[in-house]
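Asks:
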């Protein structure tokens, strides 16, 4: 039980749709079985359409999200443009591998649209930066097993933004209801070419 | 862990309560210990954890907060301070000898007068919360506050909730924590609140 990845709990999922992507997370922060807060979002925005989901040890979720805010701001000042999702994914990977022998205990997920082509992009990482490129969906957190099951059965190729929202929301909500360490509400982002929609789901409060 | 830290926010205040017992093993060394430090005019921090670390870390933060206020002739907001404290605790976490300190940071925004409360543990997990506790007090008080707390409560009601929590702790905690020191943060600053610690609570 005392694995740093499952002390605080939490879940995150990203999905590809037709000319859109979605990323969602739960809101719980706990200490083992005790829930401390139900307002701890795990998805962060870096630029117009680059999103990072972070599950794992809460302190590292904060540390790593702050670190990338700094790195992405520096990138934008140097390059005078926003960072692209694929570039950001490589930045995440190399930054995590820098801590190869004393890692941040997080499982990141990146989602976004390519600024030039508008092509959907999602990928996941392990805690030392090995990238998992996926064409369908990426899951992370204490509810990974449940999320894999939900995504495998609900996801299909070519979903539009509204269908994608329904799919990712049902996948997350039903997965976290079968995990004691995640839940307590959710944030869902639907990312389209020039529109980002953020929705707050209440979810089961028990 | 047997040290009690409680925090409650309301309409225009943040209440922080801390147990008065300074313990060392099974011995109570002092029965009127103050486990809080004032960071600036409207931010207060309560701390518990390993003996030497707590006061050392709290006073380091206090000194830095005061230095900032003197240099810039403005106080940091409670949110800014909470993130500063988290940064210091997080860098300490991956050092040779990390600080073993749990914190509650309560305040009222100097401009908007919005009350706020931040929960921080020794791993530097930071969460903004409407009410919070640390140590064993979490298991007894959070459920009580879940039921009775509303975001728009008055200071008087806040004190009633603290009494409710204190009664429950007296009833169920096997050790004597020597009562609570209660401080209220409002837009007018920080003041210690009178609190009846002599009330006897019978067991069930």
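Residue numbers (this note's numbering), protein chains in the order written: chain L, 1 to 206; chain S, 1001 to 1204. Even for Gly, the Cβ is constructed at its ideal location relative to N, Cα and C.
I want to see whether chain S comes within less than 8 Å of residue 37 of chain L, judged by CB atoms only; does it?
Replies: Taking Cβ atoms only, chain S reaches closer than 8 Å to residue 37 of chain L, which makes this a yes.
Asks: So residue 24 of chain L contacts chain S; which residues on that side make the cut at Cβ distance below 9 Å?
Replies: Within chain S, no residue comes near residue 24 of chain L; the closest Cβ sits about 20 Å away, beyond 9 Å.
Asks: List, from N- to C-terminal side, the beta strand (DSSP E) runs of 3 residues or more that fit wholly inside the stretch 1120-1172 of chain S.
Replies: As far as the stretch 1120-1172 of chain S is concerned, its whole beta strand (DSSP E) runs of at least 3 residues are 1126-1128 and 1131-1134.
Asks: Taking the alpha carbon of residue 200 of chain L as the reference point, which residue from L/175, L/206 and L/184 has its own alpha carbon closest?
Replies: For the residues L/175, L/206 and L/184, the minimum Cα distance to residue 200 of chain L belongs to L/184.
Asks: Does any residue of chain S have a CB that is nearer than 8 Å to the CB of residue 73 of chain L?
Replies: Chain S, which has no Cβ nearer than 8 Å to the Cβ of residue 73 of chain L, makes this no.
Asks: Evaluate contact between the stretch 2-15 of chain L and the stretch 53-62 of chain L, counting only Cβ atoms and requiring at least three cross-stretch pairs below 8 Å.
Replies: Yes, since at least three Cβ pairs between the stretch 2-15 of chain L and the stretch 53-62 of chain L fall closer than 8 Å, the two stretches touch.
Asks: Drop a sphere of 10 angstroms on the beta-carbon of residue 1029 of chain S, count the other beta-carbons inside from all chains shown, and report buried for 16 or more, exposed for fewer.
Replies: Exposed: under 16 other Cβ atoms inside 10 Å.
Asks: Pop quiz: residue 104 of chain L and residue 64 of chain L are said to be a contact at Cβ under 8 Å. What is the actual Cβ separation, rounded to whole angstroms?
Replies: Between residue 64 of chain L and residue 104 of chain L the Cβ distance is about 5 Å, and since that is below 8 Å, they are a contact.
Asks: Could you give the uninterrupted runs of the alpha helix (DSSP H) lying entirely in the stretch 1025-1072 of chain S, keeping only those of 4 residues or more?
Replies: Counting whole runs of 4 or more residues, the stretch 1025-1072 of chain S contains the alpha helix (DSSP H) stretches 1051-1072.
Asks: So with Cβ pairs under 8 Å, would you call residue 34 of chain L a contact of chain S?
Replies: Interface residue, yes.
Asks: If you count every other CB in all the chains shown that lies within 10 Å of the CB of residue 18 of chain L, and 16 or more means buried, which is it?
Replies: Under this definition residue 18 of chain L is an exposed residue.
Asks: Using 8 Å as the cut-off, can you tell me whether the stretch 108-127 of chain L makes contact with the stretch 143-150 of chain L, which would need three or more C-beta pairs spanning the two stretches below that distance?
Replies: No contact exists between the stretch 108-127 of chain L and the stretch 143-150 of chain L.
Asks: Could you work out which residue in L/178, L/32, L/127 and L/198 is closest to residue 45 of chain L when comparing CA atoms only?
Replies: Of the listed residues, the one whose Cα sits closest to residue 45 of chain L is L/198.
Asks: In whole angstroms, what separates the C-alpha of residue 131 of chain L from that of residue 122 of chain L?
Replies: Cα to Cα, residue 131 of chain L sits roughly 10 Å from residue 122 of chain L.
Asks: Tell me which residues share the same chain as residue 1155 of chain S and place their Cβ nearer than 7 Å to its Cβ, disregarding the 5 neighbours each side in the sequence.
Replies: Here the set comprises 1010, 1013 and 1184.
Asks: Using a beta-carbon distance below 8 Å, is residue 11 of chain L in contact with chain S?
Replies: No - not a single Cβ of chain S is within 8 Å of the one on residue 11 of chain L.
Asks: Just curious, the alpha helix (DSSP H) that residue 168 of chain L is in, first and last residue?
Replies: First-last of the alpha helix (DSSP H) with residue 168 of chain L: 161-176.
Asks: Alpha carbon to alpha carbon, how far is residue 1150 of chain S from residue 1210 of chain S? Give it in angstroms, no decimals.
Replies: No answer is possible for residue 1210 of chain S: it lies beyond the span of chain S, which begins at 1001 and ends at 1204.
Asks: Within the 8 Å Cβ cut-off, does residue 102 of chain L reach chain S?
Replies: Taking Cβ atoms only, chain S reaches closer than 8 Å to residue 102 of chain L, which makes this a yes.
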